[in-house]
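Novice: What follows is a structure written as structure tokens; I'll ask about it next.
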Amino acid sequence: MLTVALPKGRLGDRVFELLAQIGYDCPEMREESRKLVFENPAAGVRYLQVKPTDVPVYVERGAADVGIAGKDVLTESGAAVYELLDLGFGRCRMAVAAPRGFQENPDRTLRVATKFVNIARAYYAQKGRSIDIIPLHGSIELAPIMGLSDVIVDIVESGNTLKENDLVILEEFMPISARLIANRSAYQFKKDSILNLCEQVKGAALT
């Protein structure tokens, strides 16, 4: 039986429907329930519904054989897992944004507000830029407006939220989409099952 970590929310719902179409259905998941673990022995699958940011942890530590996580979540976590497939869902990008008219002063430390501390730190380390990371968990756009930060590092999809808050994109540096990932040990011991699922998902995602 393959154990699959599904992120709660729209992405997880979309991936579940795709998996159901290719033979990994679990009717119990369509019922109103507070359960977090669902099994269909006939299909050889067990689903775990977890918070999106926890998917790489469950997969890395072997509680799940495979999982679905956004490239942002995967990179931020630094989890030691195999990235098997780009599903092409939820495309967006990581970007640096600032108030309109912002002029960076290279002689002083740049204040950066973000949810993605590790991604932001790595991005600016490549540039050799001294920064002060300000970790936030919501309304990142508010930070530069209120003078808490100079810039933000955040996910951008349509860019409408930035525009509405008079922020502009300075640079985009990471394309993001949903990825199918696997536990390294499980990939060795359940390789045929995992590769079979991967190939079927790939075929279904392209149709």
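Just add 46 to wherever you are in the sequence shown, counting from 1, and you've got our numbering.
We put the beta carbon where it would ideally sit given N, CA and C, even for glycine.
Values in this document were obtained by computation on a predicted structure and should not be read as measured data.
Closest to ALA224 by C-alpha separation, out of VAL61, THR49, LEU48, VAL50, would be which residue?
Specialist: The count along the sequence shown starts at 1 and reaches residue 224 at position 178. Looking at the Cα atoms, VAL61 is the closest of the given residues.
Novice: Tell me whether MET192 is buried or exposed, calling it buried when 16 or more other Cβ atoms sit within 10 Å of its Cβ.
Specialist: Position 146 of the sequence shown, counted from the first residue, corresponds to residue 192. Its Cβ having fewer than 16 others within 10 Å, MET192 is exposed.
Novice: Pick from TYR169, ASP200, GLU122, PHE148: whose alpha carbon is nearest that of ASP100?
Specialist: As a working mapping, residue 100 is identified with position 54 in the sequence shown. Cα-wise, what sits closest to ASP100 is GLU122.
Novice: Taking only the alpha-carbon atoms, compute the straight-line gap between ASP180 and LEU194 and give it to the nearest angstrom.
Specialist: Counting from one through the sequence shown, the residue named residue 180 turns up at place 134. Counting from one through the sequence shown, the residue named residue 194 turns up at place 148. The sequence as given places Ile at residue 180; Asp does not occur at that position. Cα to Cα, ILE180 sits roughly 8 Å from LEU194.
Novice: Which residue wins for smallest C-alpha separation from MET47, given the options LEU57, VAL202, ALA109, SER176?
Specialist: The count along the sequence shown starts at 1 and reaches residue 47 at position 1. Of the candidates LEU57, VAL202, ALA109, SER176, the one whose C-alpha sits nearest the C-alpha of MET47 is ALA109.
Novice: Considering only C-alpha positions, which residue in the set VAL199, ALA168, GLU150 is nearest to ALA141?
Specialist: Numbered from its first residue, the sequence shown carries residue 141 at position 95. Comparing Cα-Cα distances from ALA141 to each of VAL199, ALA168, GLU150, the minimum goes to VAL199.
Novice: Are the beta-carbon atoms belonging to VAL127 and ALA228 less than 8 Å from one another?
Specialist: As a position in the sequence shown, residue 127 is number 81, starting the count at 1. As a position in the sequence shown, residue 228 is number 182, starting the count at 1. Against a cut-off of 8 Å, the Cβ pair of ALA228 and VAL127 comes out as a contact.
Novice: Determine the extent of the beta strand (DSSP E) in which TYR128 is found, giving its start and end residues.
Specialist: Translated into positions along the sequence shown, residue 128 becomes position 82. Per DSSP, TYR128 belongs to the beta strand (DSSP E) from 128 to 132.
Novice: Enumerate, from N- to C-terminal direction, the unbroken beta strand (DSSP E) stretches of 3 or more residues contained entirely within the stretch 152 to 195.
Specialist: 156 to 160, 177 to 181
Novice: Could you check whether the stretch 144 to 154 touches the stretch 207 to 214, counting it as contact only if at least three pairs of C-beta atoms, one from each stretch, sit closer than 8 Å?
Specialist: yes
Novice: With a CB to CB cut of under 7 Å and the five nearest residues on each side skipped, what residues in its chain are close to LYS173?
Specialist: On the sequence shown, residue 173 is found 127 positions in, with the first residue counted as 1. Cβ neighbours of LYS173 beyond the five flanking positions: none.
Novice: Under a Cβ-count criterion, where at least 16 other Cβ atoms within 10 Å of its own Cβ denotes burial, should VAL83 be classed as buried or exposed?
Specialist: In the sequence shown, counting from the first residue as 1, residue 83 sits at position 37. Result: exposed.
Novice: Hey, could you find the ends of the alpha helix (DSSP H) LEU65 is sitting in?
Specialist: On the sequence shown, position 19 is the one that residue 65 refers to. Run containing LEU65: 56 to 67, per the alpha helix (DSSP H) assignment.
Novice: Can you say whether LYS236 is buried or exposed, counting buried as having 16 or more other CB atoms within 10 angstroms of its CB?
Specialist: Here residue 236 corresponds to residue number 190 of the sequence shown, with the count starting at 1. Buried, by the Cβ-count rule.
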